[in-house]
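Colleague:
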Amino acid sequence: MANSTNSNFPLDRKDIMILIAGLCIMVLGFFVMTLDKEPFGFGFLGITLGPILVLIGIILPIFSLFKIKK
Numbered sequence: 004m005a006n007s008t009n010s011n012f013p014l015d016r017k018d019i020m021i022l023i024a025g026l027c028i029m030v031l032g033f034f035v036m037t038l039d040k041e042p043f044g045f046g047f048l049g050i051t052l053g054p055i056l057v058l059i060g061i062i063l064p065i066f067s068l069f070k071i072k073k
């Protein structure tokens with residue numbers, strides 16, 4: 004039964020990989036925000052690039068989970 008291809012799990016391998024990629028992009032965005040050398044993180048990395056990466060890391064899995072499968 005462990006080798007059964009008909010699983011009750013709602014996500015397939017591709018969806019799980021997209022979720023993991025989104026999580027990694029979010030962690031990368033938070034890490035990029037910590038790299039900023041400006042006071043209080045007000046440089047390009049802390050204000051622009053890091054939050055954009057975090058938003059991409061949030062939006063990517065949401066769109067992948069709600070896409071219409073044919």
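For reference, each letter of the sequence shown is one residue, going 4 to 73 in my numbering.
Note that CB positions come from ideal geometry on N, CA and C, so glycine has one too.
Predicted model only: the values in this text are computed from it and were never measured.
Report all residues from its chain with a CB closer than 6 Å to the CB of GLY53; omit the five preceding and five following residues, and keep chain order.
Modeller: The residues are GLY32, VAL35, MET36.
Colleague: Once DSSP output is grouped into helix, strand and coil, what is the label at MET4?
Modeller: In this predicted model, MET4 has a pLDDT of only 46, less than 50, meaning its place in the structure is not dependable; the value taken from the coordinates is given anyway. Here MET4 sits in coil by DSSP.
Colleague: Going straight from the alpha carbon of VAL57 to that of PRO64, what length do you get?
Modeller: The alpha-carbon atoms of VAL57 and PRO64 are separated by roughly 12 Å.
Colleague: Grab the span of the alpha helix (DSSP H) containing SER67 for me, first residue to last.
Modeller: Note, SER67: alpha helix (DSSP H), 53–69.
Colleague: Flag ILE28 as yes when its Cβ comes closer than 7 Å to any non-hydrogen atom of the ligand NAP, and as no otherwise.
Modeller: In terms of ligand content, the structure shown is empty, and the ligand NAP therefore cannot be addressed.
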